[in-house]
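Each remark here refers to the structure printed beneath this line.
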Amino acid sequence: MSGDSPCAVAAPVATSRTRVVVLRTTRGSMTNYNYVVVDVATRQAVLVDPSWQADVVVGAVVDAGARVAGILLTHSHPDHIDLAASLGERFGCPLWMSKEEIAWSGYHAPGLVAIDETPFHVGSMTIRPMLTPGHTPGCMCYRVDDDLFTGDVLFAEGCGICPDVGAALRMYDSLGRIRREIGETTRIYPGHSFGLAPGQSFATVQRENIYLQFSNRDDFAAFRTRKGQSRAKLFTFH
Ligand SMILES: [Fe+2]
């Protein structure tokens, strides 16, 4: 965490159809990125993984003149869902999470909707869920036009922790799917950063990220679960 303001709202990233408001929020030593994705045409919006500092999230929605139609949850870890239930009630909107993640975690909240990979629409935006297990069994990435929200699956500089070799093998397959299906110009919006700002092109992420350099599942799994990884360093998010 840098020594400046504990939270910040970065300049929105505008595409022809959507505007991504990047929110950097903190609790204690943890730093998260979460997002307001606004459909320019209708002002309908989705939140992605609202975690801490409700005032920052609500302020960004108000500043964008947006109406929140739903909340996309990449997975059930507390630093990605902490505000989901309260903001869902505040905005009167559904919370979307993969049915696999709900079954695995037991997460429940008013308005929670179990989803699969069927695309759905918010305003003129098409939301395309991608089931990408590994960090947890039900991790979802969400593709909205040419933006991909990756939670703890893919960071610009790494990928999420995997609890065992089996999970790491599933992570390899999930990253392989992203490599196959995502174009080089797609912008990657992760849940955390080790230094690079959210919104890097996938071409840049492919170049910077050692976890995307493997071509063998077993080698990847051995590296992802290698001994001697410092937990303090693993959570040194910026
Ligand atoms: Fe996580």
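For the sequence shown, numbering that gives the first Met the number 0 begins at 0 and goes up steadily by one.
Ideal Cβ placement from N, Cα and C applies to all residues, glycine included.
Test item: CB-CB of residue i and residue j under 8 Å
i	j	result
residue 47	residue 33	yes
residue 140	residue 133	no
residue 82	residue 94	no
residue 97	residue 137	yes
residue 240	residue 16	As displayed, the chain neither begins before 0 nor continues past 237, which places residue 240 out of reach and without an answer.
residue 39	residue 20	no
residue 187	residue 153	yes
residue 181	residue 201	yes
For residue i: DSSP bridge partner residues
i	result
residue 241	Because the chain spans 0 through 237 in this model, residue 241 falls outside it and cannot be assessed.
residue 43	66
residue 82	Partner(s): none; residue 82 has no beta bridge.
residue 139	130
Top-ranked residue by Cα proximity to residue i, from the options
i	options	result
residue 208	193, 217, 220, 226	193
residue 120	87, 37, 150, 24	37
residue 131	109, 107, 171, 53	171
residue 86	54, 117, 115, 149	54
residue 113	75, 82, 79, 91	75
residue 88	102, 73, 98, 109	109
residue 50	28, 42, 78, 67	78
residue 159	181, 40, 190, 123	190
residue 226	163, 185, 215, 179	163
residue 215	129, 174, 135, 155	174
residue 18	26, 27, 44	44
* To do: When you get a sec, list the residues whose CB is within less than 5 Å of any heavy atom of ligand 2, chain order please.
  => Looking at this structure, you won't find ligand 2 anywhere; what it does contain is ligand 1.
* contact_flag[the segment 207–226, the segment 162–175] where n(CB pairs < 8 Å) is 3 or more -> yes
* Tell me, please, whether the segment 133–146 touches the segment 51–66 by the rule of three or more beta-carbon pairs shorter than 8 Å. => The segment 133–146 makes no contact with the segment 51–66; the number of CB pairs closer than 8 Å stays below 3.
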